[in-house]
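Residue numbers (the working numbering): 1 to 170.
For every residue, glycine included, the Cβ atom is placed at its ideal position computed from N, Cα and C.
Nothing here was measured: the structure is a model prediction, and the numbers come from that model.
Data block below; observations after.
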Ligand code: ABN
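Here is the structure:
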């Protein structure tokens, strides 16, 4: 046996002496969980990717006509220092929301869009849109979108509304 083989054998025996089967399983478990971040394998991750609408390059996301705003009611966060789906700095998204189904003209598919209010700052006052598809008058309480969804936040102050695609209507 050459010296390289002896060295490899020595290292293997040392490793075997110092590690148990439990250590090996723990290492394997960590490696599997770690690899999931690099290569999504869970169904939820694949679903989210499938729900991502096609490229919308060229759309005016500050216009009420933008397709994701079909059932919105409020100031567009895209005009208030945030984006279509991100609250402006210093405001916090509401955990509850109004939900609508909007048609994406780019791929002909319908998407489920959640309209979360961004809370904790005074009303933005820019780009007010009331597309309100599917809303009902206030006396039909649970079908009315004219609601301050910041009601569940620590700070109830309404600032603006974001439009988050949460699924594809298939
Ligand atoms: N969801 C927008 C909104 C906020 C406050 C009051 C009415 C509507």
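Item                                                                                    : Value
Cβ-based burial, residue 115 [other Cβ within 10 Å; buried from 16]                     : buried
Proximity below 7 angstroms, CB of residue 67 to CB of residue 95                       : no
Closest residue to residue 129 among 144, 79, 58 (Cα-Cα distance)                       : 79
Spatial distance of residue 93 from residue 23 (CA atoms)                               : 42 angstroms
Residue 120 Cβ short of 6 angstroms to ligand 1 heavy atom set                          : no
Simplified DSSP state of residue 130, which is helix, strand or coil                    : strand
Alpha carbon of residue 90 to alpha carbon of residue 117, nearest angstrom             : 13 angstroms
Cβ-heavy atom distance, residue 149 to ligand 1, below 6 angstroms                      : yes
Cross-strand partners of residue 165 (DSSP beta bridge)                                 : 113
Exposed unless 16 or more other CB atoms sit within 10 angstroms - verdict on residue 7 : exposed
Local conformation of residue 85 per DSSP, three classes                                : coil
Straight-line gap, residue 163 to residue 86 (C-alpha atoms, nearest Å)                 : 8 angstroms
Beta-carbon proximity of residue 161 to residue 74, cut-off 7 angstroms                 : yes
Alpha carbon of residue 26 to alpha carbon of residue 60, nearest angstrom              : 50 angstroms
Among 166, 81, 111, 71, the one whose alpha carbon lies nearest that of residue 144     : 71
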